[in-house]
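Remarks on the structure that follows.
Residue numbers (the numbering used here): 116 to 437.
Okay, structure coming up:
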């Protein structure tokens, strides 16, 4: 439950998971070189032409940002627990340069969407449950051209899977970034802490994750660490607890995902929370491409050029391209 990513390796696999493994690449490509040259940026700063707004979702006002031509095919990037739209600040301009309109938003209870939550529902509810997050995501997808290319990051990968199965007409493609690769108690396969995860409550699990982030177990650069710590000042702790509880009962959606007729990509870091072999098996089971990057749980931060390149290749299989 703690993001232990950050170490770098040399292995990256691409292409359909059903075609078998490929060997290590002999040459370092330009996208990887660009990723390795990323400086310690201010994660609050989007491009000057970024459009910021508050979207009225079922659970309340969600902070949203969009970059790229208004007429371009949509790419909707959904952050995970304790995350925010800023996690994609390096990816969004790359999509815009390719002619796409990249959008992201903060989940209910997270960062600048901290006012959104179950008390705003009609009738009010007490928890940040699966239906709350799913209805918010579907409302965002409905508020613009469809179908859209959708990326779900970590917990939001499961949300994106649920949305695809409920409203397939809204999806041009699905990218699952560092998403839970197993149903049920998703943390049981996490490296190092998996064996003890069965004995922790959702609140204890959330506390462990927050402790790891605050103490920089990810070994992120100073400005990134400052931003993620500052973000906690707004994020509601109960929303994090409830998300961890949801991840402890991740639904088994593999059959529906296999039958879904959209291109799919499972994208992960070599040093992700879950072992690579679990992601490889998941990709095979649902008929998805697999991309593995020499990084940790957050390729959107540390390998954005490689990730965008591979997503653009996925988009090329659809009609939803510029």
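Cβ coordinates follow ideal geometry from the N, Cα and C atoms, glycine included. Everything numeric in this text was worked out from a predicted model, so none of it was measured.
Separation of residue j from residue i, as counted between CA atoms
i, j, result
"residue 292", "residue 395", "13 Å"
"residue 218", "residue 203", "9 Å"
"residue 236", "residue 254", "14 Å"
"residue 275", "residue 289", "8 Å"
"residue 172", "residue 195", "17 Å"
"residue 409", "residue 385", "5 Å"
"residue 256", "residue 148", "33 Å"
"residue 178", "residue 184", "19 Å"
"residue 226", "residue 193", "13 Å"
"residue 404", "residue 216", "23 Å"
"residue 380", "residue 426", "8 Å"
"residue 187", "residue 206", "16 Å"
"residue 238", "residue 246", "13 Å"
"residue 249", "residue 278", "7 Å"
"residue 211", "residue 345", "28 Å"
"residue 329", "residue 342", "11 Å"
"residue 372", "residue 234", "32 Å"
Exposure label - residue i; buried when at least 16 CB within 10 Å
i, result
"residue 160", "exposed"
"residue 365", "buried"
"residue 152", "exposed"
"residue 367", "exposed"
"residue 351", "buried"
"residue 138", "Only weak support exists for where residue 138 lies, its pLDDT of 42 falling under 50; the value from the coordinates is given anyway. Exposed, by the Cβ-count rule."
"residue 168", "exposed"
"residue 155", "exposed"
Span of the alpha helix (DSSP H), counted from its first residue to its last, around residue i
i, result
"residue 245", "245-257"
"residue 422", "419-430"
"residue 373", "369-374"
"residue 290", "Per DSSP, residue 290 belongs to no alpha helix (DSSP H); it is in the beta strand (DSSP E), 286-292."
"residue 191", "Where residue 191 is concerned, there is no enclosing alpha helix (DSSP H), although the beta strand (DSSP E) it sits in stretches over 189-193."
"residue 394", "391-401"
"residue 148", "145-151"
"residue 340", "337-346"
"residue 161", "Segment: none, residue 161 is in no alpha helix (DSSP H) and carries neither H nor E."
"residue 207", "207-212"
One or two residues paired with residue i in a DSSP bridge
i, result
"residue 169", "178"
"residue 412", "In DSSP, residue 412 forms no bridge with anything."
"residue 261", "Looking at the DSSP assignment, residue 261 forms no beta bridge with any residue, so it has no partner."
"residue 383", "407"
"residue 365", "299"
"residue 267", "193, 291"
Neighbour flag for residue i against chain B, beta carbons, 7 Å
i, result
"residue 168", "Of the protein chains in the structure, only one exists, and it is not chain B."
Enclosing beta strand (DSSP E) for residue i [first to last residue]
i, result
"residue 218", "216-220"
Are there three or more Cβ pairs, one per stretch, closer than 8 Å when the region 252-268 is compared with the region 327-346?
no
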